[in-house]
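Here is the structure we will look at, set down as C-alpha cells.
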Amino acid sequence: MDRTTLSSVDSATSATSVNGAAQQSRSGSPFVTSRTTSSPGTRGSGAAARKTYGALASASGRRWLIRLSSAAALGAAGGFLTADWRLGATLAAAALVAFIVHASRRHSEVPRWRRPSAAQRRTEAQLRVMNRLGYRVLHARGIPGGNGQIDHFIVGRRGAFAIDSESWDKRLPVRNKLEKLYHGKFSKNERIDEALEEARAAERLISEHLGREISVRASLAVYGPSLPWDSHNLRGVDVIAGTKVRKWLRSSKGQLSDREIEEIAQTAEKVLPARY
C-alpha cells in the first residue's frame, strides 16, 4: 500500500470513528480498533515494550560481537604462532562452535523480560532432558479465573505433574514439624497449599475436558537450602530438592500410554493458558 492510500485511509478513519467503535463492539475483537481511539497510556506501553525489546536485542548483539571477535583473535593467534593459517582457521571455528553450544544451553524458552526467577530456569534446564525422553513439558501455565501459575506442567510415562520452583535462602534450614514445613522460623505451609490448589485446578479442568478422571501430582522444587530429604510428601505436595527433579519424575509409579500422554498434553495446552 503506497503513502497516498495510507493517507486516504487515515482520513476516512478519522471521519468515521463512531462507525469504527461500533464495528469493534460487533466484532468483539481487540484488534479491530480506530486510530483515533488509542490512548496515551496505550502508546506509552507499546513504546516501553519496544524499548525493552530493543535493549535486549542490542545486548545480545554486543555479546555475539564479542564472541566473534574472540574467536577471530584466537584463530589469528593460533595461525601466527604455528605459521599455518589452516590451523588458525580451525581454532577460530572450534571457538565459535563452543560459543554457540554454550549460548544454546543458557537459552530459555521464557522471554528474558518475563522470567520470574532463576529457580524456574534451573528446573527448565533439567526438564529439557526429560523432553528428549518423550515427556511433554509446558512452562508458565495460568489457572483460568485466578492468579495462580503452574511453573512447569509435565506429562510422561509416569503420569502428570505440576511443579512450582522456589529459591530460598540457603542459610536457613528446612524442616518438617508435625506435617508443617518451615524454612528457618518462617512457615511455608501457605506455599504448599497454593501448589496443591493449582494442581487440583489443573486436574479438574483437564478431567472435565477429557470426560474422564486424571491425576496431577503437585510438587515444590526448592533451590538454595540443603533439604534433609530428596523428596518428601507433605499434605499432598512433594517437596523435592531442586537438583533432584529428574530423579523424582522417574520415581513416580504412574503409568500412561503414548495416546494418554498426547491427550493430556494437548488438553493442558488448551485449558491452561500460557503466561508468555
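Numbering (this note's numbering) for the sequence shown: 99 to 374. Cβ coordinates follow ideal geometry from the N, Cα and C atoms, glycine included.
Measuring only the C-alpha atoms, how far is residue i from residue j?
{"i": "D356", "j": "D182", "result": "54 Å"}
{"i": "H281", "j": "L270", "result": "6 Å"}
{"i": "A147", "j": "F178", "result": "Below a pLDDT of 50, predicted positions are generally treated as unreliable, and A147, at 48, falls in that range; no measurement from the model is reported."}
{"i": "G240", "j": "Q247", "result": "5 Å"}
{"i": "F259", "j": "V272", "result": "23 Å"}
{"i": "I362", "j": "W346", "result": "20 Å"}
{"i": "A174", "j": "R255", "result": "51 Å"}
{"i": "K278", "j": "V337", "result": "11 Å"}
{"i": "I302", "j": "V227", "result": "One detail in the question is off: residue 302 reads as Arg in this sequence, not Ile. Their Cα atoms are separated by approximately 28 Å."}
{"i": "E288", "j": "V235", "result": "26 Å"}
{"i": "E311", "j": "I304", "result": "8 Å"}
{"i": "Y374", "j": "H237", "result": "9 Å"}
{"i": "A366", "j": "S215", "result": "23 Å"}
{"i": "W211", "j": "A372", "result": "The predicted model places W211 with a pLDDT of 39, which falls under 50 and marks its position as unreliable; any figure quoted below should be read in that light. Cα to Cα, the separation comes out at about 15 Å."}
{"i": "I322", "j": "I252", "result": "It is Gly, not Ile, that sits at residue 322 in the sequence shown. Computed Cα separation, rounded: 23 Å."}
{"i": "N274", "j": "L225", "result": "27 Å"}
{"i": "A187", "j": "I261", "result": "46 Å"}
{"i": "G159", "j": "L194", "result": "15 Å"}
{"i": "K342", "j": "E295", "result": "23 Å"}
{"i": "R161", "j": "R230", "result": "29 Å"}
Got a sec, what are the start and stop residues for the alpha helix (DSSP H) residue i sits in?
{"i": "Q353", "result": "From DSSP, Q353 is part of no alpha helix (DSSP H); its letter is neither H nor E."}
{"i": "L325", "result": "No alpha helix (DSSP H) contains L325, which DSSP labels as neither H nor E."}
{"i": "R234", "result": "No alpha helix (DSSP H) contains R234, which is instead part of the beta strand (DSSP E) from R234 to G240."}
{"i": "A339", "result": "Taken as a continuous stretch (DSSP letters only), A339 belongs to no alpha helix (DSSP H), being part of the beta strand (DSSP E) at V335 to A339."}
{"i": "A217", "result": "A216 to R230"}
Who are residue i's beta bridge partners in DSSP?
{"i": "K275", "result": "K278"}
{"i": "F284", "result": "H281"}
{"i": "S51", "result": "The structure shown does not extend to residue 51, since the chain is modelled only from 99 to 374, so the question has no answer here."}
{"i": "N331", "result": "D336"}
{"i": "H307", "result": "According to DSSP, H307 bridges with nothing at all."}
{"i": "A258", "result": "V253 and V314"}
{"i": "A372", "result": "R239"}
Which whole-angstrom value describes the C-beta separation of residue i and residue j, a residue pair presumed to lie in contact below a C-beta threshold of 8 Å?
{"i": "L415", "j": "L189", "result": "There is simply no residue 415 to check, as the chain begins at 99 and stops at 374 in what is shown."}
{"i": "H307", "j": "K368", "result": "7 Å"}
{"i": "Q218", "j": "D267", "result": "Their Cβ separation, rounded to whole angstroms, is 17 Å, which puts Q218 and D267 out of contact at 8 Å."}
{"i": "A300", "j": "V320", "result": "That pair is no contact at about 21 Å."}
{"i": "S263", "j": "G176", "result": "Actually they are not in contact, since the Cβ atoms of S263 and G176 sit about 42 Å apart, beyond 8 Å."}
{"i": "S317", "j": "A293", "result": "7 Å"}
{"i": "L354", "j": "G257", "result": "6 Å"}
Taking the continuous beta strand (DSSP E) assigned at residue i, which residues delimit it?
{"i": "I312", "result": "It is not in any beta strand (DSSP E) - I312 carries neither H nor E in the DSSP assignment."}
{"i": "G246", "result": "Careful: G246 lies outside any beta strand (DSSP E) and carries neither H nor E."}
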